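Note sheet for the following structure.
There are 2 protein chains.
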Amino acid sequence: MSDESTANKEARPRDRLRMADLAVLAGVSAITVSRALRDSSLVRPDVRERIKQLAETHGYKFSSAARNLRLMRTHSIAVVIDIDPSDERPMGDPVILAALGGMMQEITKARYRIVLTTSEQIRSAAHPDADGIILLGQGAHEDAVLQLARFDVPIVVWGSAEGHVGPGVVVGSDNEAGGVLIGRRFAETGRRGILYLGDESHPEVAARVRGVRQGLPPGAKLTVVPCTFSASAGREALASRLGGERTFDAVAACSDLVAIGALDALKAGGFAVPGDVAVIGFDDSPIAATAAIPLTTVRQDWNAAGRLLARKMLTWLGGEEPTPEVIPVSLVARLSA
Amino acid sequence: MSDESTANKEARPRDRLRMADLAVLAGVSAITVSRALRDSSLVRPDVRERIKQLAETHGYKFSSAARNLRLMRTHSIAVVIDIDPSDERPMGDPVILAALGGMMQEITKARYRIVLTTSEQIRSAAHPDADGIILLGQGAHEDAVLQLARFDVPIVVWGSAEGHVGPGVVVGSDNEAGGVLIGRRFAETGRRGILYLGDESHPEVAARVRGVRQGLPPGAKLTVVPCTFSASAGREALASRLGGERTFDAVAACSDLVAIGALDALKAGGFAVPGDVAVIGFDDSPIAATAAIPLTTVRQDWNAAGRLLARKMLTWLGGEEPTPEVIPVSLVARLSA
DNA sequence: GACTAGTGCGCCCTTATCGTA
DNA sequence: CTACGATAAGGGCGCACTAGT
């Protein structure tokens, strides 16, 4: 009965309103609708308002897919974190969540979106599907950045600015200053033999160790014991040093989790904290305050860090290459040192 | 001299290879390239392979923006979490990170992407810009779901299945069973006066309270003290009950953080744990194990929860409406009860 | 001629539908 | 039935241009 193809062409039953449809309703062209909805000054304010009203009343839905295709941008920023359940670290790093929170504040304010990814996933992808990449986490070594450089998008990295030569802009805590705070604290409390629990091949840890050394008085002795970022690693690293005669009276750890492990080992060995041995952590994660012996630690403001990382990225996406930046840290004195 | 528009048409200098270009190189049509790259059986295996090779050697980059527009899908799933730095709760909830990790495993495996959002942002958006929404967090009340229902996309919610009538599929811990575990533990250790710290208007908390009551012996007395999900709330709620004569010998909290606050208040009041008062938390977050008095608590497997939430959503996106599901919980006995 | 307010056209790239050999 | 192709969306926006001051 009805000529369907013609009917479709004449008045195709579209389930979705486009700008073109709105344009007909408003008696203007589609591009004017486009501009009106973006508050372009090329459209008279009254026309703009009328079009917006129309869009509202007709339940118009903007298609970001179409915009993304046209502009060849995704309006999203990839955030790379490694949440590996088999690894002990991430669960104990609520700080990452704080950083995510900070990033969300800034990124959503700029009308961008955060796409969560793992380094493994993004590395194996042909395409980042994002306008920029923010790299987070302790594992963010140089090689990770290099791998990602093949995507032609801005990269902002959390890490240690020193010694960074590759692509990408680095934002990080002032690790060396944090180390100095630790060294001074030990100096003030008369400690002479210090054990540092952490992996010096990690640039951030290396900077902290340097700082500790600076903060310590001339006569003090500093020994670095290699150790990853988990509580069990801290426990084992310290336990290995508790046999025989104790040659240290202070322990600094590369994270609060490691410090908690050290606390365990000391307790098991029958040592008093801070009486026999003082302990200082790093991060001021929530577990620091609630530990059996409330942990003295170096506070990194992860929320601020997240915000800053995001702002750097947004600056870059705005066309201006940002500068690296260092975030100050502070000592939180509790009972352990 | 040169007719620019014609020149553009004849041999426009394109910086990006399209399927159409690949088609010319392979001597086939664009649609065949499309099918070949998607492993369609409509293309002969040898042709398929040849086209894939070609794509590889010429550095072809697939445009997901174009696919998204054509298919009217985003291939991404919005995950709504509230990380509000002004709020005390989220920082103490590293469990959320574990859930995110679980979701990432499943979602990236399915070649979807996770878009992080806050409830505020998505509520004010005209459009979710995602094929589905996963709602996470303690604040996921019914009204939040209703607000999101106006988007015409699948919603999967973390929460309490009981009493849920609105749209969306609910996945949650077996809160009532968790409560029973708590009640039994108190029963076994001879506790008679129980204080429950939590907000019963919250469906999950209500279910736990019911469970506790079931697990308790007939003579025991249970009192619910309203309290939000933060450590300070726990501290204050308990402190308010410590004046005058103590009428309880056990405390159950709606989260480990709240339990930590209660522990603080008890310590300040000079009570021994678990001697005078036993304390049980909920979640088994990292702070439970490292607390001053290692916390007995009910473990929820957040990684598994995240994976399940994601799978439910993927099932739905695959065209089949999933069923609600309840995740088992277990008691982790430490020192506090 | 310079400015304002607005338009027509084509392109971004992929894929469902229908058609053909 | 198998393997492939031509066509037409999908929706927004840059570009080059014009009508009217």
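Which chain is which? The protein sequence lines are A and B, in order. Residues 1 to 337 in our numbering are what the first sequence spells out, letter by letter. Residues 338 to 674 in our numbering are what the second sequence spells out, letter by letter. Where is the CB? At the ideal position from N, CA and C, for every residue including glycine. All values derive from a computational prediction rather than experimental measurement.
Over what stretch of residues does the alpha helix (DSSP H) that includes residue 387(B) continue unbroken? Translated into the one-based positions of the second sequence, residue 387(B) becomes position 50. From DSSP, the alpha helix (DSSP H) with residue 387(B) extends over 382-394.
Chain A residues whose Cβ lies nearer than 8 Å to that of residue 405(B): Residue numbering aside, residue 405(B) sits at position 68 when the second sequence is read from its first letter. Here the neighbours are 65, 68, 69.
Under three-state DSSP, which class holds residue 473(B)? Within the second sequence, the letter at position 136 stands for residue 473(B). Residue 473(B) falls in the coil class under three-state DSSP.
Own chain residues within Cβ distance below 7 Å of residue 397(B), not counting five before or after: Looking up residue 397(B) in the second sequence gives position 60. Excluding sequence positions up to five before and after residue 397(B), its CB lies within less than 7 Å of the CB of 354, 359, all in the same chain and listed in chain order.
Contact criterion: CB-CB distance below 8 Å. Does residue 624(B) meet it with respect to chain A? Mapped onto the second sequence, residue 624(B) falls at position 287. For residue 624(B), the answer is yes, since a Cβ of chain A falls inside 8 Å of its Cβ.
Around the Cβ of residue 97(A), are there at least 16 other Cβ atoms within 10 angstroms (buried) or fewer (exposed)? Position 97 of the first sequence, counted from the first residue, corresponds to residue 97(A). Around the C-beta of residue 97(A), 16 or more other C-beta atoms lie within 10 Å, and the residue is accordingly described as buried.
Is there a Cβ from chain B that is less than 8 Å from the Cβ of residue 321(A)? The count along the first sequence starts at 1 and reaches residue 321(A) at position 321. Interface with chain B (8 Å Cβ-Cβ cutoff): residue 321(A) is excluded.
Check whether the Cβ of residue 362(B) lies closer than 8 Å to any Cβ atom in chain A. Reading the second sequence from its first residue, position 25 is the one you call residue 362(B). By this cut-off, residue 362(B) is not an interface position.
For residue 572(B), which residues from the same chain have a beta carbon less than 8 Å from its beta carbon, with the 5 sequence-adjacent residues on both sides left out? Locating residue 572(B) in the second sequence gives position 235, where the first residue counts as 1. Cβ neighbours of residue 572(B) beyond the five flanking positions: 598, 599, 601, 602.
Residues from the stretch 111-129 of chain A in contact with chain B, defined by Cβ distance under 8 Å: Of all residues in the stretch 111-129 of chain A, only 113, 114, 115, 116, 117, 118, 121, 126, 127, 129 place a beta-carbon less than 8 Å from a beta-carbon of chain B.
Under 6 Å Cβ to Cβ from residue 322(A), same chain only, skipping five residues before and after it: list those, please. Here residue 322(A) refers to the residue found at position 322 of the first sequence. Once the five neighbours on either side are set aside, the close Cβ partners of residue 322(A) are 169, 312, 315, 316.
Quick check on the burial criterion: 16 or more other C-beta atoms within 10 angstroms. Buried or exposed for residue 539(B)? Here residue 539(B) refers to the residue found at position 202 of the second sequence. Under the 10 Å beta carbon count, residue 539(B) is surrounded by 16 or more other beta carbons and is classified as buried.
Spatially closest choice to residue 611(B) from 605(B), 630(B), 619(B), by CA coordinates: The count along the second sequence starts at 1 and reaches residue 611(B) at position 274. Among 605(B), 630(B), 619(B), the Cα nearest to that of residue 611(B) belongs to 630(B).
Span separating the alpha-carbon of residue 304(A) from that of residue 488(B): For the purposes of this step, residue 304(A) is taken as the residue at position 304 of the first sequence. For the purposes of this step, residue 488(B) is taken as the residue at position 151 of the second sequence. Looking at the backbone, the Cα of residue 304(A) and that of residue 488(B) are separated by about 33 Å.
Can you give me the C-alpha to C-alpha distance between residue 643(B) and residue 416(B), rounded to a whole angstrom? One-based indexing of the second sequence puts residue 643(B) at position 306. One-based indexing of the second sequence puts residue 416(B) at position 79. Residue 643(B) and residue 416(B): Cα-Cα distance of roughly 11 Å.
Residues near residue 174(A) in its chain [Cβ-Cβ closer than 7 Å; skip 5 each side]: The residue labelled residue 174(A) in the question sits at position 174 within the first sequence. So the list reads 326, 327, 328, 329, once near-sequence residues are dropped.
Report the residue ranges of all alpha helix (DSSP H) runs contained in full by the stretch 198-269 of chain A; include only those spanning at least 4 residues, in chain order. Segments of the alpha helix (DSSP H) lying fully in the stretch 198-269 of chain A: 203-215, 231-239, 256-268.
Nearest-angstrom Cα distance between residue 123(A) and residue 613(B)? As a working note, residue 123(A) is residue 123 in the first sequence. As a working note, residue 613(B) is residue 276 in the second sequence. Separation of residue 123(A) and residue 613(B) (C-alpha to C-alpha, rounded to the nearest whole angstrom) is 55 Å.
Does residue 282(A) come within less than 8 Å of chain B when only Cβ atoms are used? Looking up residue 282(A) in the first sequence gives position 282. Not an interface residue.
Let me see if you follow: with CB-CB separation under 8 Å, is residue 629(B) close to chain A or not? Stepping through the second sequence from its first residue, residue 629(B) is reached at position 292. For residue 629(B), at least one C-beta of chain A is nearer than 8 Å to its own C-beta.
Whole angstroms is fine: what's the gap from residue 53(A)'s alpha carbon to residue 469(B)'s? Counting from one through the first sequence, the residue named residue 53(A) turns up at place 53. Counting from one through the second sequence, the residue named residue 469(B) turns up at place 132. Approximately 28 Å, taken between the alpha carbons.
Please confirm whether residue 179(A) and residue 219(A) have their CB atoms less than 8 Å apart. To locate residue 179(A), count along the first sequence from 1; it is residue 179. To locate residue 219(A), count along the first sequence from 1; it is residue 219. Contact flag unset, no.
Run through DSSP, which three-state label would residue 427(B) get? The count along the second sequence starts at 1 and reaches residue 427(B) at position 90. In this prediction, residue 427(B) scores a pLDDT of 44, lower than 50, which makes its location untrustworthy; the coordinate-derived value is nonetheless stated afterwards. Under the three-state reduction of DSSP, residue 427(B) is assigned to helix.
Can you name, in chain order, every residue of its own chain whose Cβ lies under 8 Å from the Cβ of residue 127(A), other than the five neighbours on each side? Taking the first residue of the first sequence as 1, we reach residue 127(A) at position 127. Excluding sequence neighbours, residue 127(A) sits near 151.
Flag residue 368(B) as yes if its beta-carbon sits less than 8 Å from any beta-carbon of chain A, otherwise no. For this step, residue 368(B) is matched to residue 31 along the second sequence. Using a Cβ-Cβ cut-off of 8 Å, residue 368(B) does not count as an interface residue toward chain A, since no Cβ of chain A sits closer than that to its own.
Is residue 604(B) close to chain A, meaning its C-beta is less than 8 Å from at least one C-beta of that chain? In the second sequence, residue 604(B) corresponds to position 267, counting from 1. It does not; no Cβ of chain A falls within 8 Å.
Between the stretch 305-316 of chain A and chain B, which residues of the former have a C-beta closer than 7 Å to a C-beta of the latter? Listed by position, the residues of the stretch 305-316 of chain A near chain B (Cβ gap below 7 Å) amount to none.
For residue 541(B) and residue 496(B), which I take to be in contact (beta-carbon distance under 8 Å), what is that distance rounded to the nearest angstrom? In the second sequence, the residue the question calls residue 541(B) occupies position 204. In the second sequence, the residue the question calls residue 496(B) occupies position 159. Going by Cβ atoms, the distance from residue 541(B) to residue 496(B) rounds to 6 Å, so yes, they are a contact pair.
Is the number of C-beta pairs between the stretch 248-260 of chain A and the stretch 280-287 of chain A that are closer than 8 Å three or more? By the Cβ test, the stretch 248-260 of chain A is in contact with the stretch 280-287 of chain A, since at least three Cβ pairs between them sit closer than 8 Å.
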